[in-house]
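Read through the structure below, which is laid out as structure tokens, and then see the notes.
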Amino acid sequence: MTKQNAFTREDLLRCSRGELFGPGNAQLPAPNMLMVDRITHICEEGGKYGKGELVAELDITPDLWFFACHFEGDPVMPGCLGLDAMWQLVGFFLGWQGLPGRGRALGSGEVKFFGQVLPTASKVTYNIHIKRVLKGKLNMAIADGSVSVDGREIYTAEGLRVGVFTSTDNF
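Per the UniProt record's numbering, residue 1 is the first one in the sequence shown, and the count goes up by one each step.
Here it is in structure tokens:
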């Protein structure tokens, strides 16, 4: 069976409701914390490390919730939301791979911010390069990612780690 290699906003909303990968498995957050409008490309091969990649997008409009509160008179998308979007996508990759359990961010290596997303921007693009997928007692992916706004790279993160857990009781 061929896996779906692109996902619409409606697909991602289904994922946020637990309908895409099944109950108890990887979910994306619901709006407003869902930081992706579509996944334009996902594959098990390719990317910088040949282990898989994702490309996703977020449409920017001046009425997005975070511009009103971060910061008053100086609106900018919080950098932590871009970082969270990258974790969201690594977790989505694990669910797409069929690995069971609920996703949890486990950390990252170096994160760099060298640009910003303003309300005048049009589109944020996320690029995720899977470095390693661990399957076994711990199901986890490690990836590098970047965030671009209107074609200009503005954040990078190395060693993004996300796991999926069949029980989060002792997490």
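Glycine included, every Cβ here is placed at the ideal spot set by N, Cα and C. Please read these numbers as outputs of a predicted model, since none were measured by experiment.
Whole angstroms are fine: how far does the CA of residue j sit from the CA of residue i?
i    : j   : result
R9   : W96 : 16 Å
A68  : D74 : 9 Å
D84  : G91 : 11 Å
I142 : P62 : 33 Å
N32  : K48 : 31 Å
C15  : F71 : 31 Å
For residue i, name the three-state secondary structure that DSSP assigns.
i    : result
F71  : coil
A85  : helix
V133 : strand
F165 : strand
G79  : helix
V117 : coil
G91  : helix
Apply the 10 Å Cβ neighbour rule to residue i and answer buried if 16 or more other Cβ atoms are within range, or exposed otherwise.
i    : result
R161 : buried
N25  : buried
D144 : buried
E53  : buried
K51  : buried
N127 : buried
With a CB to CB cut of under 6 Å and the five nearest residues on each side skipped, what residues in its chain are close to residue i?
i    : result
E110 : E158
Just to confirm the assignment, what range does the alpha helix (DSSP H) spanning residue i have?
i   : result
E10 : R9 to S16
Can you find the residues in the same chain that come closer than 8 Å, C-beta to C-beta, to residue i, ignoring five residues on each side of it along the sequence?
i    : result
G115 : V149, R152, E153, I154 and Y155
Along the chain, where does the beta strand (DSSP E) containing residue i start, and where does it finish?
i    : result
E53  : E53 to D59
V36  : Looking at the DSSP string, V36 is not in any beta strand (DSSP E), and its letter there is neither H nor E.
D63  : Run containing D63: none; DSSP gives neither H nor E here.
N139 : N139 to V149
Return the chain-ordered list of same chain residues with a C-beta closer than 7 Å to the C-beta of residue i, the five sequence neighbours on each side being excluded.
i           : result
residue 184 : Lying before the first or after the last residue shown, residue 184 is absent from the chain, which here runs from 1 to 171.
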